[in-house]
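Participant:
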Amino acid sequence: MERVTDQADCDITPYYIPHHCVVKKNATTTKCRVVFVASCKTTYGRSLNDNLLIGQKLHQDVPEVLFRFRLNKIVFIADIKMMYRYINLRLRDRDFQRILWRNSISDPIEEYRLCTVTFGVASSPFLALRTLRQLALDEA
39 MERVTDQADC
49 DITPYYIPHH
59 CVVKKNATTT
69 KCRVVFVASC
79 KTTYGRSLND
89 NLLIGQKLHQ
99 DVPEVLFRFR
109 LNKIVFIADI
119 KMMYRYINLR
129 LRDRDFQRIL
139 WRNSISDPIE
149 EYRLCTVTFG
159 VASSPFLALR
169 TLRQLALDEA
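First residue of the sequence shown? That's 39 in the working numbering, and the numbers climb one at a time after it.
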């Protein structure tokens, strides 16, 4: 996330993603998790998700994965923790993921833009899996 310092750099109308906090009192690590709502409609009746191409389905369905597990003696699985946070957006696309933020109620409201793929944005699953696929091709 980066702070927006100069509005003159933006040649498009930015989109501000509504967000709220989900509090889990029992959580040991993150008690407050920020949830971004890219499906929230604007005054024009369309959301960010309505305007995005979501890409093709790159993931496999669970039954298909389970069936393939039975074909081999050894299976390798991995879980990439916070995968979306490691995938950067192009500079020109970041203004479509702006937020208004302040740390406390007494602080002034500041503008930020999200720099990485974000949960809640319709194209995020495709972007994440396509990035993994490209990395596998590039590094193989």
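Beta carbons are placed, not taken as given, at the ideal position from N, Cα and C, and that holds for glycine. From a predicted model like this one, the values you see are computed outputs, not experimental measurements.
(1) What is the DSSP secondary structure of Val103, reduced to helix, strand or coil?
(2) Take the Cβ of Ser142 as the centre, count every other Cβ of all protein chains shown within 10 Å, and call the residue buried at 16 or more, exposed below.
(3) Quick one: what's got a C-beta closer than 7 Å to Glu148's C-beta in the same chain, skipping five residues either side?
(4) Is the number of C-beta pairs between the region 158-178 and the region 91-107 that are closer than 8 Å three or more?
(5) Relative to the C-alpha of Arg151, which residue among Ala116, Ala65, Leu175, Leu129 is closest?
(6) For the beta strand (DSSP E) that contains Leu138, what are its first and last residues?
(7) Reducing DSSP to helix, strand and coil, say where Phe114 ends up.
(8) Can you check the region 46-109 for any beta strand (DSSP E) of at least 3 residues that lies completely inside it and give the ranges in chain order?
(9) Under 9 Å between the Cβ atoms of Gly158 and Val75?
(10) Rounded to the nearest angstrom, what separates Thr24 and Val100 at their Cα positions?
(11) If you draw a straight line from the alpha carbon of Thr156 to that of Asn87, how long is it in whole angstroms?
(12) Please state whether DSSP places Thr43 in a helix, a strand or coil.
Facilitator: Straight from the coordinates:
(1) helix
(2) exposed
(3) Arg41, Trp139, Arg140
(4) yes
(5) Leu129
(6) 136-139
(7) coil
(8) 57-61, 70-74
(9) yes
(10) An answer regarding residue 24 cannot be provided, because it is not within the stretch 39 to 178 covered by the chain.
(11) 12 Å
(12) coil
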